[in-house]
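Just so you know, the protein sequences line up as chains H and X, in that order.
With my numbering, letter number 26 in the first sequence gets 26, and the count goes up by one each step, no holes.
Add 460 to a position in the second sequence, counting from 1, and you land on the number used in my numbering.
Beta carbons: idealized from backbone N, C-alpha and C, even for Gly.
The structure presented is a predicted model; accordingly, all values stated were derived computationally and were not measured.
The structure under discussion appears below in the form of structure tokens.
There are 2 protein chains.
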Amino acid sequence: MISFKEISPSEFFYQHRELAGFSNPARALYSAIRELVENSLDACDGYGILPDVLIRVTETKPSPSDVKEFEIYVKDNGIGIPSEKLPKALGKVFYGSKFTLKQSRGTFGMGGTMSILYAQITTNKPLRVWSNTGNGETHYFELMIDIENNKPIVLKHKKFSQQNWRGTAIKINLLGDYVRSSQKIQEYFRRLALFTPYANMVFEDPNGEVFAFKRSVDKVPPPPHEVQPHPKGVDLELLRRIVQRSSSKTVLSLLINSFQRVGRKTALEILKIANVDPNKRPSELKMEEMMRIINAMKTYEKFLPPDPSCLSPLGKELIEEGIKKELNPQFVYALSRKPSSYEGYPFIVEAAVASNKTPGIKVLRYANRIPLLYDEKSDVVFKLLNEEIDLKRYKINEDEPIIILTHICSTKVPYKTVGKEFVADIPEVEKEMKLALQKVLREYSLFISKKVKIETQKKK
Amino acid sequence: MISFKEISPSEFFYQHRELAGFSNPARALYSAIRELVENSLDACDGYGILPDVLIRVTETKPSPSDVKEFEIYVKDNGIGIPSEKLPKALGKVFYGSKFTLKQSRGTFGMGGTMSILYAQITTNKPLRVWSNTGNGETHYFELMIDIENNKPIVLKHKKFSQQNWRGTAIKINLLGDYVRSSQKIQEYFRRLALFTPYANMVFEDPNGEVFAFKRSVDKVPPPPHEVQPHPKGVDLELLRRIVQRSSSKTVLSLLINSFQRVGRKTALEILKIANVDPNKRPSELKMEEMMRIINAMKTYEKFLPPDPSCLSPLGKELIEEGIKKELNPQFVYALSRKPSSYEGYPFIVEAAVASNKTPGIKVLRYANRIPLLYDEKSDVVFKLLNEEIDLKRYKINEDEPIIILTHICSTKVPYKTVGKEFVADIPEVEKEMKLALQKVLREYSLFISKKVKIETQKKK
Ligand SMILES: Nc1ncnc2c1ncn2[C@@H]1O[C@H](COP(=O)(O)OP(=O)(O)OP(=O)(O)O)[C@@H](O)[C@H]1O
Ligand SMILES: Nc1ncnc2c1ncn2[C@@H]1O[C@H](COP(=O)(O)OP(=O)(O)OP(=O)(O)O)[C@@H](O)[C@H]1O
Ligand SMILES: [Mg+2]
Ligand SMILES: [Mg+2]
């Protein structure tokens, strides 16, 4: 008698927490910190707020072992979490506010929740969270997760008046290993500060060391806007849902109202190719007609590329500013390419080079402003720098004192893992990334040539 | 007004189907074929049945484009799917029969479902499936998936008498690209046949080419048995559930009955370390006491290693047989290491070398008998062969005509992705894999020395 069962999303990621980056105490400490900090930053710069984020990690009880209990406290001045949504936001996998077509660090609806889940199963201590959306009321919750059923368990809920604070503060206790993860965690913060020059961040580590990153610019880049789907990203499921929910009276107006880059003229052309009556009621569309509309959209070549207002690149100026602030290099050059797209999802590639003080090529990868520190060899950037681009052509040796920075931002970064460790080599992305790298490397080689020339002249 | 929402598991993997290996038509064709074939093989050798599997892939309508509709038909003689479970088995993500502590190819409860989902969104055609569990009744279903709600939609269900068949036959229509995936698909079948010498498999490809693999051995390796968790794999959530469901009268008997490798003496020692009364009723255990039991189990050093009866390695004999059948090499040597474990999950590493007819080191990676063909550079085996093991010490050059085979089988293969593409470098796994590789490479270098000696003598 074979037994079948269903498991919930939280159960699945409890069983396979390594898929989400919680494979062992050292890695889990890193992942919990990054997930909470990225949530805090999203809650700030996603809404035009200059971030002030405090991260304090302490040993809760001294122990001779490296693996021990740590408390992670993360506090921000972001938009806060509405109290009626908070338990699910942090206590349910696949629940969140970032499932929209808009760039944000978060995307899967589970990172914060996984941190709380891991904390709970290793220490049995609940999440403690304070949040105020700026309405004068701070809500305090003690939460645990019902892992088998993927729902929050509210152990405590209090609210109190607090007029001058808006933001979120989270406290979790988990089994970690700072000895094995401190280098990565500290490097994460340095790289984060480099790419978030408008943020104040303070990291107080378990050894009492304080890493303070003060903002060097006082303006947040313009936050992105949510956009409608692009016709190149449509499939049958998406169109079926659009039709089901649409209040449009005709197929013509449905296309115009539901997709970006589709005006009246374009919509009429599409429907002509699909052989569908523009005045038909959407509810009367047959599946075969929907298929023909999709195929027409697939083959149609005259759409404008996706609207990039859903993206928020850092930009040449801020990237160079961040690099100067953190690394103070002799030479720096950054660029931000024009928007491109893959499968209807817009993306922008940014890149930079800087001279370094120590030898050895150092690659800093970013995606949606998140520093990626793991699985470098699997990333499209590594593939380009090791197989596609001949560094010698740019006068770059193996131990060149150079920093190469890459950033891809998109409404859907093509991560290959739920732990957001590396980016897949999608053809359009690889092409854009290659062009960006070639350009910045060329600028670096010009700097090197000029430098050599000057030094040669000095010797004369 | 920020809008929050929940998405279902099928919705999540619809949005992020690249995480499951369905990133584009070429890759999706490969993934659908492999997921269905692996389900068929599990349904056979997991139950001691000699597999007979037919895979027929046809173009449903001719088209000048490479990307077009294909029909995939997979038929097996396995144990079948009970009719009352079938709609959910194939129409619901995170539903299946393989969530147990027993080796099988399937593990996530979603591979077959994802193939049907991808087929549905690219062609709108339902899954057609016939299944008979050997009770004389074949059930026929036409199914689609309600993606937003993660549940099956039964469009049709018929049953008819069929006395002489047991097994499952699945037919799906999906958008694929055989031009871009044929090499990988054909290589997948060759490698699968090599590692499944007891299976009859026929692959009829869209060009009418027939790849027939006849079994060369008539015995299936003994199927694995489900086992209880090992104390080294316990965490608070697991213990809490065991306590909640246990009908044991005392904590002492709960430990003995719920865990493998825990007898009376061991259980008493554990409870002594944890300072918990052995005669206490499980329902009266406080959380702090459970934590102490967990910590005691973590630090206890005298457990026997995990019971490997939940594993089913192929074994030296069958591996060499499979290699000889497929490759007919001059030299072959395989080994199967003793069981090991990581985090309470037992695993066995197997490895083999064979001389090849063409130059160039060829690495064949397997996990739970599945050939892994993607993301080689991210796999622990690649790391070992490129960074940890000096191939020159074994007289192996870059273009050596050698085949190196690795296999890890476990109740939990440490995959890093839901698409089962590559294995993480868990320390215990890396150590075992390294020892296995060093041993087989040493055997190969002995063969090479002997060969050189013979040829030198011939020349004299
Ligand atoms: N510090 C915070 N301030 C405001 N809202 C937050 C904060 N942390 C979490 N949230 C809310 O909780 C939701 C769930 O967070 P969670 O990290 O689990 O998923 P996510 O950020 O949406 O996606 P990802 O899994 O990619 O991180 C978020 O979408 C956001 O709405
Ligand atoms: N050909 C088959 N014969 C018998 N049972 C099958 C067959 N195909 C699927 N099943 C049943 O359907 C369930 C779901 O299959 P699915 O491929 O979605 O998940 P899985 O095989 O359990 O895990 P994975 O996602 O790792 O493949 C299986 O667990 C199995 O019980
Ligand atoms: Mg998040
Ligand atoms: Mg499966």
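The straight-line gap separating the alpha-carbon atoms of Y474(X) and Q103(H) is approximately 19 Å. Within the stretch 111-145 of chain H, contact with chain X at the beta-carbon level (separation under 9 Å) is assigned to L117, Q120, I121, T122, T123 and N124. For E400(H), no CB of chain X lies under 8 Å from its own CB, so it is not counted at the interface with that chain. Residue pairing by DSSP places P9(H) opposite no residue, since no beta bridge is assigned to it. In terms of side-chain proximity, the C-beta atom of N499(X) is found nearer than 7 Å to a non-hydrogen atom of ligand 4.
For the stretch 864-885 of chain X, residues whose beta-carbon sits nearer than 9 Å to a beta-carbon of chain H comprise K872, P874, Y875, K876, T877, V878, G879, E881, F882 and A884. In terms of side-chain proximity, the C-beta atom of E421(H) is found no nearer than 7 Å to any non-hydrogen atom of ligand 3. Under the 8 Å criterion on CB atoms, P9(H) is classed as interfacial with respect to chain X. Against chain X, the CB of E69(H) has no partner CB under 8 Å away; the residue lies outside that interface.
The DSSP-derived three-state label of K151(H) is strand. Taking every protein chain shown into account, the CB of N132(H) has 16 or more other CB atoms within 10 angstroms, so this residue is buried. For G566(X), the nearest beta carbon of chain H is not closer than 8 Å to its own beta carbon. Put simply, the backbone Cα of F882(X) is about 43 Å away from that of K219(H). Look at E432(H): its C-beta is not under 8 Å from any C-beta on chain X. Of all alpha-carbon atoms in T877(X), K918(X), E602(X) and P831(X), the one lying nearest the alpha-carbon of R650(X) is that of P831(X).
Taken atom to atom, the span from the alpha-carbon of H599(X) to that of H617(X) is near 7 Å. Here the alpha carbon of R741(X) sits roughly 15 Å from the alpha carbon of A727(X). Counting only the Cα atoms, M747(X) lies some 49 Å from K383(H). Residue-level contact check: M297(H) does not touch chain X, since none of the beta carbons of chain X fall below 8 Å from its beta carbon.
Residues of chain H with a Cβ closer than 8 Å to the Cβ of G782(X) do not exist; the shortest Cβ-Cβ separation is about 28 Å. Of all residues in the stretch 639-669 of chain X, none has a C-beta nearer than 7 Å to a C-beta of chain H.
As DSSP reads the structure, P831(X) sits in a beta bridge with Y826(X).
Restricting attention to alpha helix (DSSP H) runs no shorter than 4 residues, the stretch 532-576 of chain X encloses them at 546-551, ordered along the chain.
Note on geometry: alpha-carbon atoms of E478(X) and L635(X) lie some 15 Å from one another. The stretch 546-558 of chain X makes no contact with the stretch 643-658 of chain X, as fewer than three CB pairs between them are under 8 Å.
Sorting V809(X), K785(X) and L897(X) by C-alpha distance to the C-alpha of S796(X) places V809(X) at the top. At least one beta carbon of chain X lies nearer than 8 Å to the beta carbon of K92(H). Within the stretch 686-716 of chain X, those residues whose Cβ lies closer than 9 Å to any Cβ of chain H are, in chain order, D695, L696, E697, L698, R700 and R701.
Assignment of beta-bridge partners to M144(H) by DSSP yields I153(H).
For D502(X), the enclosing alpha helix (DSSP H) has its first and last residue at P485 to D505. V452(H) is classed as exposed because its beta carbon has fewer than 16 other beta carbons within 10 Å across all chains shown. For F559(X), the nearest beta carbon of chain H is closer than 8 Å to its own beta carbon. Cβ-Cβ distances below 6 Å link Y638(X) to P666 in the same chain, with the five nearest sequence neighbours on each side left out; the list follows chain order. The three-state secondary structure of E137(H), taken from DSSP, is strand. Counting only Cβ-Cβ distances below 9 Å, Y555(X) has contacts in chain H at F4, K5, E6 and I7, in chain order. Residues of the stretch 13-29 of chain H whose Cβ lies closer than 8 Å to any Cβ of chain X, in chain order: Y14, Q15, H16, E18, L19 and S23.
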